[in-house]
Amino acid sequence: MGESSSTTAVAESPAAAPLALPAYCNGVLTWNTAWTAFEDEVLKLVNQKRAAGATCGGVAKPAVPAVTFDERLRCASRVHSQDMGTNNFMGHNGSNGSTPWQRMTNAGYVWRAASENVAAGYATPAAVVDGWMKSTGHCNNIMGANVKNLGVGYFYAPSSTYKHYWTQDFGAQ
Numbered sequence: 001m002g003e004s005s006s007t008t009a010v011a012e013s014p015a016a017a018p019l020a021l022p023a024y025c026n027g028v029l030t031w032n033t034a035w036t037a038f039e040d041e042v043l044k045l046v047n048q049k050r051a052a053g054a055t056c057g058g059v060a061k062p063a064v065p066a067v068t069f070d071e072r073l074r075c076a077s078r079v080h081s082q083d084m085g086t087n088n089f090m091g092h093n094g095s096n097g098s099t100p101w102q103r104m105t106n107a108g109y110v111w112r113a114a115s116e117n118v119a120a121g122y123a124t125p126a127a128v129v130d131g132w133m134k135s136t137g138h139c140n141n142i143m144g145a146n147v148k149n150l151g152v153g154y155f156y157a158p159s160s161t162y163k164h165y166w167t168q169d170f171g172a173q
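Take 1 as the starting number for the sequence shown in full-length UniProt numbering and just add one per residue.
Okay, structure coming up:
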């Protein structure tokens with residue numbers, strides 16, 4: 001069984017960043033194709049959940065529009081999943097103290113609303129999405145009508161505690 005955590009912020013955007021991916025993303029631009037397929041599957045599953053509506057912590061959530069893929073949010077998510085797997089931890093703050101919002105900004109995403117789900121130990125996209133949907137905070141992030149974009153990062157670290165590391169970064173500009 002995996003573990004997961006979520007966090008949400010709605011705030012004014014930090015300083016504007018360029019649309020092209022910055023050097024911050026260079027270490028995650030080339031990625032294992034199976035991992036990329038996992039990331040793409042999570043996006044698909046999330047949009048299926050959003051289209052169907054859900055119950056989060058006993059509260060009915062109506063169907064909401066699909067989120068669209070964002071390469072900058074994928075970068076931020078991959079950077080964090082890689083960090084968690086490489087440094088054998090799970091949490092929202094990076095091993096260098098970075099927050100989800102700093103990572104999104106570093107990846108060039110100018111956000112006005114943002115949220116993050118992380119998880120570890122889930123071996124498949126279906127398992128991690130199911131785990132997130134069973135948690136009130138994660139489910140609320142997935143069903144959030146205030147977010148429009150999503151990037152997913154998956155990293156496999158076979159010698160670590162959890163082996164499978166997942167990050168979802170949601171945002172709206």
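Just so you know, even glycine gets a beta-carbon here, dropped at the ideal spot from N, CA and C.
Close CB contacts of arginine 50 within its chain, under the 8 Å cut and outside five residues either way in sequence, are with Ala63, Val64, Pro65, Ala66, Val67, Ile142 and Met143 (chain order).
Of the residues Asp70, Gly97 and Ala37, the one whose Cα lies closest to the Cα of aspartate 83 is Gly97. Spatial neighbours of tyrosine 24 in its own chain (CB-CB distance under 8 Å, excluding positions within 5 residues in sequence) are listed in chain order as Cys75, Val79, Asn106, Ala107 and Gly108. The continuous stretches of beta strand (DSSP E) do not include cysteine 75, which lies in the alpha helix (DSSP H) extending over residues 71 to 87. Where leucine 150 is concerned, the enclosing beta strand (DSSP E) starts and stops at 149 to 156. Rounded to whole angstroms, the gap between the alpha carbons of histidine 138 and asparagine 117 is 6 Å. Across the structure, tryptophan 101 and leucine 150 are spaced so that their CA atoms are roughly 14 Å apart. Between tyrosine 154 and serine 95, the C-beta gap is not smaller than 8 Å, which leaves the two residues out of contact. DSSP places asparagine 117 in the strand class (E or B) of the three-state scheme. As summarised for the stretch 19 to 64, the continuous beta strand (DSSP E) elements at least 3 residues long and confined to that stretch are 54 to 56 and 59 to 61, given in chain order. Membership of glycine 171 in the beta strand (DSSP E) is indicated by the continuous run 164 to 172.
For threonine 136, the enclosing alpha helix (DSSP H) stretches over residues 136 to 142. Across the structure, glycine 131 and proline 22 are spaced so that their CA atoms are roughly 32 Å apart. In this structure aspartate 169 is in contact with leucine 73, their Cβ atoms being roughly 4 Å apart against a cut-off of 8 Å.
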